[in-house]
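Colleague:
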């Protein structure tokens, strides 16, 4: 009898495992289809003759090429600025112990958990014509005109993008720098190298993958930046994303929109491939084998002054603008004193609670779907027979293919979805969000499974009933913290994403980020600031949770 | 004979410990710095190399006060405990690194490196990646790299610690042989008594 009971339980558990594996497969297929089908439908429009429109037949006319040039230039300069700010910060964080180090590291959450709409609003409130800085300078020097007027220009966009994204470079490069053995630089110095030659010939080659990878990622973020360009782009400051949005949503010129999407993807794919190739090198640079050397305290006046200057720069160009959003949400409309009026107006809006509920619902389902899909693909690769693994898991394709959604913007994807399902619904939003955020869930799952020692995977295969059993009883518990962290990251990204809901424009569907964008677009800055604070708190709390889980899983 | 290295009243303080030392090394002499873990042997070596600044005292090398000189201007070679080979460079470029720093062309440095590799029994290893070397081979490359710039003083920080016992014994004999043959002054940091006895004619105790 006990044997029969055990067999029954075992059969039920096997059925449960099969159901979980089937869910993983369905999630993977759903995410892939949600990315591939609308992308193809959107891009294929470039080849379908459309109804004649005022803009004429689609062609690579001057307007598209001008937008392409502007997009490439703003993305390249933004990536360079992010590197220029991130590199010294990476050295400080990796090699020195100082007050503010933890704070600098914690900024790495900003690009992921602070939505672009908040950053655009923050720069308007801080550097805009009636912003904090202009106000202060006019009062200080008795000026009649605001002295800083470059916010709505290429320079303004580059500064906003560069400082918004520099923490990506700081985090990635500092992790590699921590693992460059101090003795290698010292050996170079003893061998007669100058400090610069020691850095150029010994340290820099060890950071090359991280520098390239973070530059490529920031470039892609800025290349596909949409909300920041919409709010800050001045005359002539239009990017392919904005052009695509106008063609698809305002002009209803789908053929032109398809062509713009095609140009955009063609320009982004090489950078995604470069990113994937550099990621493999980053894995080597920040691998677990090397030990971090101890960090020294700041020594001498020069080092202290440089560190203080650096923190001041970050304070002025990132922390100040973000803080001004929170301050503005509590400011009275006449600027004299504090008030909760904006919060009262925002929280009592009929659309607030539905927007909050939709944001959470979409975030949770997108997180479940992306994480299940990511884990299924990674586990299937790790548990497949060696020969199959060698065929499937080509070192480059293995990394490049799951990252391909980085080459498709939310506007292209939203455009494809509107062609497929013109009226849209919340399910479409969940699927589209999952498709966009899936590379992040996959990357977390991949890193976690890579950390499981190969012999453990092999023992799991030998001792388990099958691959599903090995995945659920060994890989899943071993990687659960990282998967949870990946799911939280997807939630934070989804909660901050305003472009997709904006492009999909689903009747009656409101999200917090969309609400924030609309409030900022209609110059209700105090209410927009309250909305931004809620979105940032929601994303930041989830991001901090995921960061803590990630650290625990790595340690 | 006047000393080639004079460590004159060197003091380095940390909140929890202090390193103090004074000793001399004659040209061509080999000295072993011995002492328990944490007694500051490696720190003292790094002070001599110019990688750490002392709080007090002077380091004189070849009769010149080198206390304020950059590491590359002191005319010393150093072999690190973990070798500190440059993983992204080939074996020959590792060995020729200091020669290029001194202004030699890359081609000439490679030719010189090949000669040094032959001398340390690694002929034909020039194009190899350093991560393909065994522990003993990597140690020889580190030694060739330090000696290629022709230093009159070579500092060894636990040079054989990471190797197994038979290899350690073999390399010990080789190190002593090179030192006698080339005639550089040497300071070895070690906590292996046998190693200290075989490599150095004199010991300086720390801690």
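Residue numbers (this note's numbering), protein chains in the order written: chain Y, 24 to 578; chain D, -7 to 199. Backbone N, C-alpha and C fix where the C-beta goes; we use that ideal spot for every residue, glycine too.
Name, please, each residue of chain Y whose Cβ falls closer than 7 Å to the Cβ of residue 152 of chain D.
Modeller: By Cβ distance, chain Y contributes nothing, its closest Cβ being about 16 Å from residue 152 of chain D, past 7 Å.
Colleague: Leaving out the 5 sequence neighbours to the left and right, which residues in its chain are closer than 7 Å to residue -5 of chain D when beta-carbon positions are compared?
Modeller: Result list for residue -5 of chain D: 16, 17 and 18, in chain order.
Colleague: Residue 48 of chain D by DSSP, collapsed to three states: which one?
Modeller: Looking at residue 48 of chain D - three-state DSSP - the assignment turns out to be strand.
Colleague: Does DSSP put residue 305 of chain Y in a helix, in a strand, or in coil?
Modeller: Reduced to three states, the DSSP call for residue 305 of chain Y is helix.
Colleague: Looking only at its own chain, which residues have a Cβ that is under 7 Å from the Cβ of residue 294 of chain Y, when we skip the five neighbours before and after it?
Modeller: If we look at residue 294 of chain Y and ignore the five residues flanking it on each side, its Cβ neighbours are 239, 242 and 243.
Colleague: Less than 9 Å between CB atoms is the rule here; does residue 13 of chain D satisfy it with respect to chain Y?
Modeller: No, because no Cβ of chain Y sits closer than 9 Å to the Cβ of residue 13 of chain D.
Colleague: Does the distance from the CB of residue 279 of chain Y to the CB of residue 552 of chain Y come in under 9 Å?
Modeller: No, the pair does not count as a contact, with Cβ atoms beyond the cut-off.
Colleague: May I ask you to list, following chain order, the residues of the segment 182 to 205 of chain Y that have a beta carbon less than 7 Å from some beta carbon of chain D?
Modeller: Residues passing the 7 Å Cβ filter: 204.
Colleague: My output table needs one value for residue 65 of chain D: the three-state DSSP class, helix, strand or coil.
Modeller: The answer is helix: DSSP assigns residue 65 of chain D an H, G or I state.
Colleague: Residue 76 of chain D and residue 207 of chain Y look like a contact to me (Cβ under 8 Å); what is the Cβ gap, rounded to whole Å?
Modeller: So it is a contact: roughly 5 Å between Cβ atoms.
Colleague: From residue 139 of chain D to residue 191 of chain D, what distance separates their C-alpha atoms?
Modeller: When rounded, the distance between both Cα atoms is 17 Å.
Colleague: So which of Y:147, Y:501 and Y:176 has the shortest CA-CA distance to residue 260 of chain Y?
Modeller: Nearest option by C-alpha distance: Y:176.
Colleague: Whose Cβ in chain Y lies nearer than 9 Å to the Cβ of residue 74 of chain D?
Modeller: Chain Y residues near residue 74 of chain D: 204 and 206.
Colleague: Spell out whether any CB of chain D is found under 9 Å from the CB atom of residue 326 of chain Y.
Modeller: Taking Cβ atoms only, chain D never reaches closer than 9 Å to residue 326 of chain Y, which makes this a no.
Colleague: So if I threshold CB-CB distances at 7 Å, which residues from the segment 90 to 101 of chain D count as touching chain Y?
Modeller: Taking 7 Å as the Cβ-Cβ cut-off against chain Y, the residues of the segment 90 to 101 of chain D that qualify are 90, 93 and 94.
Colleague: Taking all protein chains shown into account, do 16 or more other C-beta atoms lie within 10 angstroms of the C-beta of residue 63 of chain Y, making it buried, or fewer, making it exposed?
Modeller: Classification for residue 63 of chain Y: exposed.
Colleague: Can you tell me the Cα-Cα spacing of residue 446 of chain Y and residue 87 of chain Y, whole angstroms?
Modeller: Cα to Cα, residue 446 of chain Y sits roughly 28 Å from residue 87 of chain Y.
Colleague: Residues of chain D with a CB under 9 Å from the CB of residue 361 of chain Y: which are they?
Modeller: Neighbours of residue 361 of chain Y on chain D: none; closest Cβ ~45 Å, over 9 Å.
Colleague: Using a C-beta to C-beta distance shorter than 7 Å, which residues of chain Y count as neighbours of residue 63 of chain D?
Modeller: Residues of chain Y passing the Cβ test: 212 and 213.
Colleague: Give every residue of the same chain whose Cβ lies closer than 7 Å to the Cβ of residue 154 of chain Y, excluding the five residues on either side of it in the sequence, and list them in chain order.
Modeller: Taken in chain order, the residues that qualify are 147 and 148.
Colleague: To the nearest angstrom, how far is the alpha carbon of residue 340 of chain Y from that of residue 91 of chain D?
Modeller: If I take the Cα positions, the gap works out to 45 Å.
Colleague: To be precise: take each residue of the segment 228 to 249 of chain Y, compare its Cβ to all Cβ atoms of chain D, and keep it if any distance is under 9 Å. Which residues remain?
Modeller: So the list reads 228, 229 and 231, given in the order they occur along the chain.
Colleague: If you measure between the beta carbons of residue 319 of chain Y and residue 124 of chain Y, is that distance less than 9 Å?
Modeller: Against a cut-off of 9 Å, the Cβ pair of residue 124 of chain Y and residue 319 of chain Y comes out as no contact.
Colleague: I'd like to know whether the C-beta atoms of residue 135 of chain Y and residue 516 of chain Y end up nearer to each other than 9 Å.
Modeller: Taking 9 Å as the Cβ cut-off, residue 135 of chain Y and residue 516 of chain Y qualify as a contacting pair.
Colleague: Hey, how far is the Cα of residue 51 of chain D from the Cα of residue 44 of chain D?
Modeller: Near 12 Å, if we compare the C-alpha coordinates of residue 44 of chain D and residue 51 of chain D.
Colleague: Determine the chain Y residues that contact residue 78 of chain D at a beta-carbon separation under 7 Å, and present them in chain order.
Modeller: Ordered by position in chain Y, the residues that pass the 7 Å Cβ test against residue 78 of chain D are 207 and 225.
Colleague: What residue from Y:194, Y:96, Y:439 and Y:474 has the CA that sits closest to residue 270 of chain Y's CA?
Modeller: Checking every option, the nearest Cα to that of residue 270 of chain Y belongs to Y:439.
Colleague: If the criterion is Cβ atoms closer than 9 Å, does the pair residue 215 of chain D and residue 42 of chain D meet it?
Modeller: In the structure as shown, chain D starts at -7 and stops at 199, and residue 215 of chain D therefore has no counterpart that could be examined.
Colleague: Please list, in chain order, the chain C residues whose beta carbon lies closer than 7 Å to that of residue 10 of chain D.
Modeller: The displayed structure is made up of protein chains Y and D, and chain C is not among them.
Colleague: Under 9 Å between the Cβ atoms of residue 193 of chain Y and residue 108 of chain Y?
Modeller: The answer is yes: Cβ separation under 9 Å.
Colleague: Given a cut-off of 9 Å on the beta-carbon distance, is the pair residue 579 of chain Y and residue 457 of chain Y in contact?
Modeller: Outside the shown range of chain Y, which is 24 to 578, sits residue 579 of chain Y, and nothing can be said about it.
Colleague: Quick one: does residue 111 of chain D have its CB under 9 Å from some CB of chain Y?
Modeller: Judged by the 9 Å Cβ criterion, residue 111 of chain D is not in contact with chain Y.
Colleague: If we call anything under 9 Å between Cβ atoms a contact, is residue 112 of chain D one with residue 145 of chain D?
Modeller: Not in contact: residue 112 of chain D and residue 145 of chain D (Cβ atoms no closer than 9 Å).
Colleague: Which whole-angstrom value is the C-beta distance of residue 133 of chain D and residue 37 of chain D, which I expect to be below 8 Å?
Modeller: Wrong, their Cβ atoms sit about 20 Å apart, outside the cutoff.
Colleague: Per DSSP, which residues does residue 120 of chain Y bridge with? Please list them.
Modeller: Looking at the DSSP assignment, residue 120 of chain Y forms a beta bridge with Y:320.
Colleague: How long is the line joining the alpha carbons of residue 83 of chain D and residue 453 of chain Y, rounded to whole angstroms?
Modeller: So the alpha carbons of these two residues sit roughly 54 Å apart.
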